[in-house]
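Colleague: Take this structure, written in structure tokens, and hold onto it; I'll ask about it next.
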Amino acid sequence: MEEKKFDLNSIIGFVLIGAVLVWLMYKNQPTPEEIEAQKAKQEQVEQQEKEEDVTAPSVYETAPVDFQDSLAIEKYKSTLGHFAYSATLPSASENITTIENDVVEFKISNKGGQIVEARLKSFKTYDSVPVYLIKDGNASFDLTFFTTDNRTLNTRNLYFQPSVTKNGNNKVLSMKLKASDDKFLEYRYELKPGEYLVDFTIRSQGLNSVISSAQPVNLDWKLKGIRHNKSITYENRYTRLTYQYDDGKVSKLSPARNDDETEENVEWISYRQHFFSSILATNSSFKSVALTSEDLVEEEDATAGFTKVYTSKIPLELQGGELNANMFWYYGPTDIKEFKKYKDLGFIDSIPFGWGIFGFINRNVFTPLYDFLSSIFPYGIAIIVMTILVRILMSPVTYKSYLSQAKMKVLRPEITEINEKYKDNAMKRQQETMKLYGKAGVSPMSGCVPALLQLPVFYALFMFFPTAFMLRQKSFLWAEDLSSYDTIAKLPFKIPFYGDHVSLFPILASLAIFFYMRMTTGQQQMMQQPTQEGMPDMGGIMKVMIYISPLMMLFFFNNYASGLSLYYFISNLITIVIMLVIKKVIIDEDKIHAQIQVNKSKPKKQSRFQQKMQEMMEQAEAQKKRKK
2 MEEKKFDLNS IIGFVLIGAV LVWLMYKNQP TPEEIEAQKA KQEQVEQQEK
52 EEDVTAPSVY ETAPVDFQDS LAIEKYKSTL GHFAYSATLP SASENITTIE
102 NDVVEFKISN KGGQIVEARL KSFKTYDSVP VYLIKDGNAS FDLTFFTTDN
152 RTLNTRNLYF QPSVTKNGNN KVLSMKLKAS DDKFLEYRYE LKPGEYLVDF
202 TIRSQGLNSV ISSAQPVNLD WKLKGIRHNK SITYENRYTR LTYQYDDGKV
252 SKLSPARNDD ETEENVEWIS YRQHFFSSIL ATNSSFKSVA LTSEDLVEEE
302 DATAGFTKVY TSKIPLELQG GELNANMFWY YGPTDIKEFK KYKDLGFIDS
352 IPFGWGIFGF INRNVFTPLY DFLSSIFPYG IAIIVMTILV RILMSPVTYK
402 SYLSQAKMKV LRPEITEINE KYKDNAMKRQ QETMKLYGKA GVSPMSGCVP
452 ALLQLPVFYA LFMFFPTAFM LRQKSFLWAE DLSSYDTIAK LPFKIPFYGD
502 HVSLFPILAS LAIFFYMRMT TGQQQMMQQP TQEGMPDMGG IMKVMIYISP
552 LMMLFFFNNY ASGLSLYYFI SNLITIVIML VIKKVIIDED KIHAQIQVNK
602 SKPKKQSRFQ QKMQEMMEQA EAQKKRKK
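Using the numbering used here, you'd call the opening residue of the sequence shown number 2 and step up by one each time.
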């Protein structure tokens, strides 16, 4: 076996090699100037790499940013969970494109291709701020796609490329989400001069290999109603989601609570904000729409900024794997004059004229009448003139009612005699009373029928004034706005159900109805039969109502439109005057009494109904006697 020995020569060799290496490193080290230059070069390289990460197109970013890139980006996001995507390209940033005419201005964002601001140029809010229907993110419009590789995309997160052109005098904005020059999703907005309506088209081209045809494309439209009026509770009362479906039928969600509905064959959806509306309409109906309305107002609040939140979810069907939907946006006043321009779309039906006969009267009588009068007189005077005309037209009905009351008053002594004679026999007392009415030619119901005939007119006017756009911000005397409450004093505290202000027109209207009720109640007490045992004291109830009704009106109308209170004030004054004229000049109670006596002396043939009633009462009386 070979013995290991210490090798001195090897040790010396390793030492010499190490010394040479140290000497070479010392000789070749950089000077301070070279170190600074190298450091600067390294910083420059790092900066370039950083800039390339942000601006240089990659597999996920091409110029311009397009639909296919967005697919890749969304896929990358879903894979990594987070992707800090940003770009300096014009089409991939939060740039805004504006289209406008002389009445409205729209701002459309590249991100989502949606309207992010809608300003009505001719109108101001109660505090002199421009009226915006869309602003500061209160609305969103989104399409949800399901792709062929089982992913979901939302257009609100994707960037569109804008292009503004003209179609005659119309301004056209095309927002495209491109996969290539001939493959894209397009939102097309076309705005005509002087109109609030925008032609809106959604179409795709060449994307049938990207969009899954197994599921519909879902359209999601949301809007949070911006406050515009002085009283948010009053504005909220007339803020409502309305829609038209099945070739002209109109329905609504509740204005006073949260509500939802799913409807088929919907033609338009109106997010009404009292005097202003945001409407989405289509030439062909939406097959199905899921609608919701959320009420945000609990009580009167001077600082509250929103009324309701509306949503609509609409599935859009693909045609041959592509989208093609022709629609309309309307952002403007809830004004019958404007809506008449779009009669074929039926927007007029979104105005709350009232249902049935009330809506018919408002639409076809009061609206055109007031429109004509306001073109001649100041708006407040026009209300007074219209009220006078209505009361004059209704005066024959008032006369019939008062004449019936006068006849009953003349018969009161004889009715009292019958009641005393048959006070222990209610059936006989009723029979004799009916005989007296028949002989005298008097019907107790003749005074009620005229009053019932006036109800459609009164209720129609109750609906007319709060919704008449032509009254908005029109002043009269101390009222700054006839469509809102007038204020003569601000209270340092808030009274429940009344408010923190004092309105004068409701006070005047309450006083007028107080004196009117005193007159009519006194007349009714004169014609009323004496109170029977076990029956409520109607006279006492009427006396209480004289005071309760005006008080209720005072509280109820303190936050209502001053134009409505003005109408009731003038209407009750005119009614009082008409009743005084009828009582003092037209009706002669002595002549009425003489005529009744003549009628009683004449044989009067009973109608078949009267005969039947008489027979029934006699049979009931006979049965009662047999039981005894």
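Glycine included, each C-beta is placed from N, C-alpha and C at the ideal position.
For Y190, count neighbouring Cβ atoms within 10 angstroms of its own Cβ and tell me buried if that reaches 16, exposed if not.
Modeller: When all chains shown are included, Y190 counts as buried.
Colleague: Just to confirm the assignment: which complete beta strand (DSSP E) runs, minimum length 3, are found wholly within the region 120-154?
Modeller: The qualifying runs are 131-135, 140-147.
Colleague: Which residue wins for smallest C-alpha separation from P457, given the options F185, G321, Y235, F361?
Modeller: Among F185, G321, Y235, F361, the Cα nearest to that of P457 belongs to F361.
Colleague: Using 10 angstroms around the beta-carbon of T240, count the other beta-carbons present and answer buried if the total reaches 16, otherwise exposed.
Modeller: Answer is buried; the Cβ neighbour count reaches 16.
Colleague: Taking the straight line between their C-alpha atoms, what separation do you get for D143 and Y568?
Modeller: If you take the alpha carbons of D143 and Y568, they lie about 46 Å apart.
Colleague: May I ask you to report which of helix, strand or coil DSSP gives N284?
Modeller: DSSP places N284 in strand when its eight states are reduced to three.
Colleague: Sort out for me which residues DSSP pairs L292 with in a bridge.
Modeller: Answer is E262, S313.
Colleague: Among Y311, S205, D372, S563, which has the Cα closest to the Cα of T293?
Modeller: Out of Y311, S205, D372, S563, Y311 has the C-alpha closest to the C-alpha of T293.
Colleague: May I have the straight-line CA-CA distance separating L174 from D103, to the nearest angstrom?
Modeller: Answer to the nearest angstrom: the Cα atoms are 17 Å apart.
Colleague: For a minimum of 4 consecutive residues, which ranges assigned as the alpha helix (DSSP H) are wholly contained in the region 310-383?
Modeller: With a minimum length of 4 residues, the continuous alpha helix (DSSP H) runs that stay inside the region 310-383 are 337-340, 357-362, 368-375.
Colleague: Please report the straight-line C-alpha distance between I382 and L324, rounded to a whole angstrom.
Modeller: Rounded to whole angstroms, I382 to L324 spans 54 Å at the Cα level.
Colleague: Need the endpoints of the beta strand (DSSP E) that I575 sits in, please.
Modeller: Segment 563-582 is the alpha helix (DSSP H) holding I575; no beta strand (DSSP E) there.
Colleague: If you follow the beta strand (DSSP E) that E101 is part of, which residue opens it and which one closes it?
Modeller: Its beta strand (DSSP E) spans residues 97-101.
Colleague: Could you check the C-alpha separation between E106 and G113 for me, to the nearest Å?
Modeller: Rounded to the nearest angstrom, the two C-alpha atoms are 18 Å apart.
Colleague: Give the DSSP-derived three-state secondary structure of S402 in the structure shown.
Modeller: In this structure, S402 counts as helix in the three-state DSSP scheme.
Colleague: Looking at N363: is its Cβ nearer than 8 Å to the Cβ of F354?
Modeller: Yes, these two residues count as a Cβ contact at 8 Å.
Colleague: Closer than 8 Å is the cut-off here; do at least three beta carbon pairs connect the region 116-126 with the region 328-344?
Modeller: Segments in contact, yes.
Colleague: Applying the 10 Å Cβ sphere with the 16-neighbour rule, what's the burial state of T468?
Modeller: By the 10 Å Cβ count, T468 comes out buried.
Colleague: Please name the residue or residues paired with D200 in a DSSP beta bridge.
Modeller: D200 is bridged to E191, F329.
Colleague: Relative to the C-alpha of L555, which residue among S572, G564, I575, Y499 is closest?
Modeller: Ranking the options by Cα distance to L555, first place goes to Y499.
Colleague: In this structure, how does DSSP classify M2 when only helix, strand and coil are distinguished?
Modeller: Bear in mind that the predicted position of M2 carries a pLDDT of just 40, short of 50, making it unreliable; the figure below should be weighed with that in mind. M2 falls in the coil class under three-state DSSP.
Colleague: Determine the DSSP secondary structure at P397, reduced to helix, strand or coil.
Modeller: Three-state DSSP puts P397 in a helix.
Colleague: My understanding is that T263 touches A291, with C-beta atoms under 8 Å, so please give their C-beta distance in whole angstroms.
Modeller: Correct: roughly 5 Å between the Cβ atoms.
Colleague: Residue range of the beta strand (DSSP E) that R241 falls in?
Modeller: Here the beta strand (DSSP E) through R241 covers 240-246.
Colleague: So E106 is in the beta strand (DSSP E); what residue range does that whole segment cover?
Modeller: Its beta strand (DSSP E) spans residues 105-110.
Colleague: According to DSSP, is Y235 helix, strand or coil?
Modeller: If DSSP states are grouped into helix, strand and coil, Y235 belongs with the helices.
Colleague: If I follow the unbroken beta strand (DSSP E) through V251, where does it start and stop?
Modeller: Here the beta strand (DSSP E) through V251 covers 250-253.
Colleague: Given that a residue counts as buried once 16 or more other Cβ atoms are within 10 Å of its Cβ, and exposed if not, what is A140?
Modeller: By the neighbour-count rule (16 or more Cβ atoms within 10 Å), A140 is buried.
Colleague: Considering only the beta carbon of each residue, do N171 and L192 sit closer than 8 Å?
Modeller: Contact: yes.
Colleague: Excluding the 5 residues preceding and the 5 following L224 in the sequence, name in chain order all residues of the same chain whose CB lies nearer than 7 Å to its CB.
Modeller: Taken in chain order, the residues that qualify are N139, A140, Y272, S279, Y311.
Colleague: Does F716 pass the burial test, meaning 16 or more other C-beta atoms within 10 Å, or should it be called exposed?
Modeller: What the structure shows of the chain is the stretch from 2 to 629, and residue 716 is not part of that stretch, so it cannot be assessed.
Colleague: Can you look up L159 in the DSSP assignment and give me helix, strand or coil?
Modeller: Here L159 sits in coil by DSSP.
Colleague: With A513 and L574 assumed to form a contact (beta carbons below 8 Å), what rounded beta-carbon distance in angstroms separates them?
Modeller: A513 to L574, Cβ: 5 Å. Contact.
Colleague: In angstroms with no decimal places, state the Cα-to-Cα distance between Y127 and M471.
Modeller: Their Cα atoms are separated by approximately 15 Å.
Colleague: Return yes when the Cβ of V211 is within less than 8 Å of the Cβ of T149, no when it is not.
Modeller: In this structure, V211 lies closer than 8 Å to T149 by Cβ.
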